[in-house]
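Heads up: the structure comes next, in structure tokens.
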């Protein structure tokens, strides 16, 4: 199994950063023709997801709806760092994702892009990419 | 890695369609004895999940609770297609799932079924199945 | 593909049980140096996630926020067992997770632990671990 790590610098508290091209490049460098790529986020206040990369308003709406479902301030939060909502969103969205690779290319739908999800930025983050 | 694609026709805006038998048949056709099957939905307003396939009221309750957590109409949505909630649900539920295969059969719990989740139907959809 | 099954006894309705060491031990016993471990929960009112294992208040806040987003009692629930919220949370969090293995060890971030999520306890549960 070959792995690569990429670095990401987020700029806002909540942000979805399109990393499709970076995953695609990593898969190309690793040089596997057919298999599965695992995209892994080693953080507890971030995640990884797949969604539309055509209209940027989709990303806005996803982040706003998550913020409505899991408000930043809730009276019952106990975690002293004050970023409990980010932990909840990380668990809701997930930190591990699998995408198929065929003939050296990511198998994505027409409108699909892979997004790193920052829920407690700005921060320096890592994403691990493994292909088998 | 062997892959198969199946077609699904959804009939409602929100719908969970049991695709366990179709995944199971695909795994049988591909003919892998032991491994992992990846079920991949190449859409941004749909998803894939595992839940109870005994009492149909469970599916009703899941869809209704998701609709309550992520309402179809919210004042802050900007995406002009009007289906932002479907994008949010897709990201919450996920479009990629892994199930183990042992002796050519899906390793599922007693009550578990695999569901294609339609969040913006009715539509024609695809599901990609890959076994390794 | 080698698999192992571990048993878990949950003690509350909602509970996140840290199973990192048990997964790690299973990976060690199976003896794979490099690969991917699939952690699979064969239940429909439980799940598996990765989040912080340093401050226990994080777990409290995650369970409380999920309970707020998906209340235990909602007028539209039809499922007669009365545990619909547990089914919804199971589908939101997911029952299948992949973690990388390198040199025989789980590749986890500094603060990451693997949690079995009980949403309808107390119960006896199983977790299947498969390494490739």
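Residue numbers (the numbering used here), protein chains in the order written: chain A, 1354 to 1485; chain B, 1354 to 1485; chain C, 1354 to 1485. We put the CB at the ideal spot given by N, CA and C, even for glycine.
{"Asked": "Report the neighbours of residue 1459/A on chain B: residues whose CB is nearer than 7 Å to its CB, in chain order.", "Found": "None at all; the shortest Cβ gap to chain B is about 11 Å."}
{"Asked": "Between the C-alpha atoms of residue 1367/A and residue 1433/C, what's the straight-line distance to the nearest angstrom?", "Found": "39 Å"}
{"Asked": "Run down chain B in chain order and give the residues with a C-beta less than 7 Å from the C-beta of residue 1413/A.", "Found": "1431"}
{"Asked": "Assign residue 1409/C to one of two classes, buried (16 or more other C-beta atoms within 10 Å of its C-beta) or exposed (fewer than that).", "Found": "exposed"}
{"Asked": "Can you name the residues of chain E whose CB is closer than 7 Å to the CB of residue 1403/B?", "Found": "The chain inventory of the structure shown lacks chain E, comprising the protein chains A, B and C."}
{"Asked": "Does DSSP put residue 1454/A in a helix, a strand or coil?", "Found": "strand"}
{"Asked": "Considering only the alpha carbon of each residue, which of 1463/A, 1407/A, 1442/A, 1385/A lies closest to residue 1482/A?", "Found": "1385/A"}
{"Asked": "Do you know offhand how far residue 1396/A's Cα is from residue 1361/B's?", "Found": "35 Å"}
{"Asked": "What's the C-alpha gap between residue 1455/A and residue 1381/A?", "Found": "11 Å"}
{"Asked": "Am I right that residue 1398/A and residue 1436/A are in contact with their C-beta atoms under 8 Å? What's the rounded C-beta distance?", "Found": "6 Å"}
{"Asked": "Spell out whether any CB of chain C is found under 8 Å from the CB atom of residue 1374/B.", "Found": "no"}
{"Asked": "Please state if the CB of residue 1402/C and the CB of residue 1468/C are separated by a distance shorter than 8 Å.", "Found": "yes"}
{"Asked": "In the structure shown, what three-state DSSP assignment does residue 1397/C receive?", "Found": "coil"}
{"Asked": "Taking the alpha-carbon positions, what's the residue 1374/C to residue 1440/B distance?", "Found": "36 Å"}
{"Asked": "List the residues of chain C that residue 1395/A touches, going by C-beta distances under 7 Å, in chain order.", "Found": "1461, 1462, 1465"}
{"Asked": "Look at the Cβ atom of residue 1457/B, then the Cβ atom of residue 1354/C, and state whether they are nearer than 8 Å.", "Found": "no"}
{"Asked": "Which of the three DSSP states, helix, strand or coil, is assigned to residue 1478/C?", "Found": "strand"}
{"Asked": "Where do the ends of the alpha helix (DSSP H) carrying residue 1360/B lie?", "Found": "Note, residue 1360/B: premise wrong, no alpha helix (DSSP H); beta strand (DSSP E) at 1355-1362."}
{"Asked": "Under 8 Å by Cβ, that's how I've got residue 1427/C and residue 1421/B pegged, so tell me the actual separation to the nearest angstrom.", "Found": "7 Å"}
{"Asked": "Determine the extent of the beta strand (DSSP E) in which residue 1466/C is found, giving its start and end residues.", "Found": "1465-1471"}
{"Asked": "Can you tell me the Cβ-Cβ gap for residue 1443/C and residue 1400/C, rounded? I've got them flagged as a contact below 8 Å.", "Found": "5 Å"}
{"Asked": "Using only the alpha-carbon positions, how far apart do residue 1430/B and residue 1479/A sit?", "Found": "30 Å"}
{"Asked": "Can you pull the DSSP bridge partners for residue 1444/C?", "Found": "For residue 1444/C, which the question treats as bridged, DSSP gives no partner whatsoever."}
{"Asked": "DSSP on residue 1461/C, reduced to helix/strand/coil?", "Found": "coil"}
{"Asked": "What are the partner residues of residue 1373/C, as DSSP defines its beta bridges?", "Found": "Residue 1373/C pairs with nothing; no bridge assigned."}
{"Asked": "Taking only beta-carbon atoms, is residue 1354/B less than 8 Å away from chain A?", "Found": "yes"}
{"Asked": "Compute the Euclidean distance between the alpha carbons of residue 1416/A and residue 1393/C, then round it to the nearest angstrom.", "Found": "28 Å"}
{"Asked": "Nearest to residue 1358/B by alpha carbon, out of 1365/B, 1377/B, 1369/B, 1364/B?", "Found": "1377/B"}
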